[in-house]
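In our numbering, the protein residues as written are 9 to 647. All C-beta atoms, glycine included, are put in the ideal place defined by N, C-alpha and C. See structure below.
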């Protein structure tokens, strides 16, 4: 008898071994038609995989994240099959599913791939998909695998690093590939494909290795979904933060300053300052204290914290002083510095929690090929804070941080979000520091907080920070794209590594618990997402300038200055377009610049002490007194 436990807790019993597809059919034929993959005891398998013992089973459809992963991974096999039909001498390497689609890294040798080849590859993929070929996963010996790929140094390298007895191939139609599994039932489910682009990629991400061609693609079970995706892709290009950021004068980059190091222009600096002030006010109400730490720290600091061991290769090289031989590093994280701030005083349990916040700039070395506008940079500012509390305070403090994150999202129009409880990899605990006991306590606290706040969260293994589990907030933007923004982490480990203590009610020393949190994540990435979500049309309170005054001639410059001085204050900012241009041109330029309000002034307005108001995207609103317009602005500025 094999007992299968489903996600809702119900149990179905079968006389002998059973496959996920057979379980689906036992539930309903409709479900079986939609199931494309499965999780058995948290391991993704094919729907034809036999289950021989009592197990937990999750049936996956296209609507599930892991269902899409199986769909796109299988599509990568179709892509590789089609490539070999047109480029028989090409050497395949790896072809994983990614967040949106899949790619395959290929050594095309002396016959390079061009965009002209995309269409014929797409047609061949669909032609092969219609054959309804099943994906068959089977084990092979290491010797067999090496013989199969004796002319492919990339696959050979992968196989040599695998244990004999753990190597599997997957075959469909006339194509076979080295593969660990996780496929859809057959190729016919793939109804629409698109080769998106091809780019250079070093083998295994190492610049010292050979450069390959990474072919990106995406596929869907319906042609309609592909059309929607391509439409959104075009919209995404229009909303690209790099394009809009340049047009609005928000940020720039300089080769002399260095790749991945953004320069914030006046409007961008104003945008950052408004975001910082907004969060600073919210933090002050929540009991945070602002601190400031250096941009560098002694190497020993990061050895103590564990960051050097875990992120040393992703950090810039240590800086050595010329005389004393001291070693410093550009700060990769703010938390070790905050631990030292906490340690600078002896605290009582009555003093806790201590909440230290900082807009701290950190530096990570990213390969040049991975840099992308503001979303992937080498220097970025985190809205970082660390809470040091007693174990009894942990749950309540964690829930208060959830409230702060939700307030930030609501104020900025991010209403569509989900949460993810990110836990450590159960199969590879060596990647993490700390005891199982501390990890269990931290994970249970997050699960309890999520339940108490009524949040629906998915659990993802292997996504935890090296020092503790976390709650990640995944926000959907205007195009339905999902972004990981806010994060809250529970940490029992750094307080131990830094020997942090407080005096308890018993007069003895005790260890505090640490909460790491960042509602924005990084200002750079957050602003990039904000630009793309709003297409550069920010909430009124966040725009660098809320209005622009357009005098119809130089005769009205003095009146324009009077209007400006009457409306501007510490929160409201405007400017005067004093160029010798026609009013129509000034209006068009203000529209392109996405300035919310245009105030047109001339003889009539000066005589009546009024302004003629136009709103961006809406047009003429009529005539307002200066006080009426100022009152309208103040109402719209409220967060």
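Exercise for the section: Please classify residue 607: is it buried, with 16 or more other beta-carbons within 10 angstroms of its beta-carbon, or exposed? Expected result: Under this definition residue 607 is a buried residue.
Practice task
With a 10 Å radius around its C-beta and 16 neighbouring C-beta atoms as the bar for buried, classify residue 345 as buried or exposed.
Solution key: That one is buried.
Handout entry: Beta-bridge pairing of residue 492 - partner residues as DSSP gives them
Key = Residue 492 pairs with 482.
Exercise for the section: Can you say whether residue 466 is buried or exposed, counting buried as having 16 or more other CB atoms within 10 angstroms of its CB? Expected result: With fewer than 16 neighbouring CB atoms inside 10 Å of its own CB, residue 466 falls in the exposed class.
Exercise for the section: Name, in chain order, the residues that DSSP records as bridge partners for residue 394. Expected result: Bridge partners of residue 394: 364 and 524.
Practice task
Please confirm if the region 51 to 58 is in contact with the region 180 to 196, defined as three or more CB-CB distances below 8 Å between the two stretches.
Solution key: Contact between the region 51 to 58 and the region 180 to 196 is present, because at least three Cβ pairs lie under 8 Å.
Handout entry: Endpoints, beta strand (DSSP E) assigned at residue 428
Key = Counting along the chain, the beta strand (DSSP E) containing residue 428 begins and ends at 425 to 431.
Problem - Reduced DSSP category for residue 255 - H, G, I as helix; E, B as strand; rest coil - result: Looking at residue 255 - three-state DSSP - the assignment turns out to be helix.
Problem - residue 637 to residue 213 span [Cα, whole Å] - result: Straight-line Cα distance between these residues: approximately 56 Å.
Exercise for the section: For residue 634, collect the residues of the same chain with a Cβ closer than 8 Å to its Cβ; drop the 5 residues on either side in sequence, then sort them by chain order. Expected result: If we look at residue 634 and ignore the five residues flanking it on each side, its Cβ neighbours are 571, 574, 575, 617, 618 and 619.
Handout entry: Pick from 255, 348 and 337 that is closest to residue 299, judged by C-alpha positions
Key = Comparing Cα positions, the closest option is 348.
Problem - Proximity to residue 148 [Cα-Cα], best of 156, 142 and 423 - result: Ranking the options by Cα distance to residue 148, first place goes to 156.
Handout entry: Endpoints, beta strand (DSSP E) assigned at residue 180
Key = First-last of the beta strand (DSSP E) with residue 180: 176 to 180.
Handout entry: 8 Å Cβ shell around residue 144 - same chain, five flanking residues per side excluded
Key = Excluding residues within five positions, the ones whose Cβ falls inside 8 Å are 178, 179 and 180.
Practice task
Provide the residue(s) that pair with residue 389 in DSSP beta bridges, ordered along the chain.
Solution key: Paired residues: 369.
Practice task
For residue 600, name the three-state secondary structure that DSSP assigns.
Solution key: Residue 600 falls in the helix class under three-state DSSP.
Exercise for the section: Using a threshold of 8 Å, state whether the C-beta atoms of residue 39 and residue 67 are closer than that. Expected result: Cβ atoms of residue 39 and residue 67: closer than 8 Å.
Handout entry: Three-way DSSP call (helix, strand, coil) for residue 143 in this model
Key = Reduced to three states, the DSSP call for residue 143 is coil.
Practice task
Out of 84, 210 and 447, point me to the one whose CA is closest to residue 195's CA.
Solution key: The shortest Cα separation from residue 195 among 84, 210 and 447 belongs to 84.
Exercise for the section: With a 10 Å radius around its C-beta and 16 neighbouring C-beta atoms as the bar for buried, classify residue 9 as buried or exposed. Expected result: With fewer than 16 Cβ atoms within 10 Å of its Cβ, residue 9 is classed as exposed.
Practice task
Identify whether residue 456 lies in helix, strand or coil by the three-state DSSP scheme.
Solution key: Correct three-state label for residue 456: helix.
Practice task
Inspect the beta-carbon positions of residue 310 and residue 50 and report whether they are closer than 8 Å.
Solution key: Taking 8 Å as the Cβ cut-off, residue 310 and residue 50 do not qualify as a contacting pair.
Practice task
To the nearest angstrom, report how far apart residue 501 and residue 285 are at their CA atoms.
Solution key: Their Cα atoms are separated by approximately 32 Å.
Exercise for the section: Along the alpha helix (DSSP H) that carries residue 126, what are the first and last residues, could you check? Expected result: Residue 126 -> alpha helix (DSSP H) spans 126 to 137.
Exercise for the section: Determine, using beta-carbon pairs with one atom in the region 448 to 461 and one in the region 399 to 407, whether at least three such pairs fall under 8 Å. Expected result: The region 448 to 461 and the region 399 to 407 touch, with no fewer than 3 CB-CB distances between them shorter than 8 Å.
Handout entry: Start-to-end residues for the beta strand (DSSP E) that takes in residue 605
Key = From DSSP, the beta strand (DSSP E) with residue 605 extends over 605 to 609.
Practice task
Whole angstroms is fine: what's the gap from residue 559's alpha carbon to residue 384's?
Solution key: Roughly 42 Å between the two C-alpha positions.
Exercise for the section: Can you tell me which of 219, 413, 245 and 105 puts its alpha carbon nearest to the alpha carbon of residue 426? Expected result: Ranking the options by Cα distance to residue 426, first place goes to 413.
Problem - Continuous alpha helix (DSSP H) assignments of at least 4 residues falling wholly in the region 266 to 333 - result: The qualifying runs are 274 to 293, 307 to 313 and 315 to 319.
Exercise for the section: Out of 640, 605, 449 and 565, state which residue places its alpha-carbon closest to the alpha-carbon of residue 545. Expected result: That would be 605, whose Cα lies nearest to the Cα of residue 545.
Handout entry: Residues of its chain near residue 628, where Cβ-Cβ distance is below 6 Å and the 5 sequence neighbours each way are ignored
Key = Taken in chain order, the residues that qualify are 622.
Practice task
Whole angstroms is fine: what's the gap from residue 304's alpha carbon to residue 185's?
Solution key: Rounded to whole angstroms, residue 304 to residue 185 spans 47 Å at the Cα level.
Practice task
Counting only the same chain and skipping the five closest in sequence on each side, list residues whose C-beta sits under 7 Å from that of residue 509.
Solution key: Apart from the 5 residues on each side of it in sequence, residue 509 sits with its Cβ closer than 7 Å to the Cβ of 517, 518 and 519 in its chain, given in chain order.
Problem - Residue of 373, 356 and 481 minimising C-alpha distance to residue 514 - result: Here the closest residue by C-alpha is 356.
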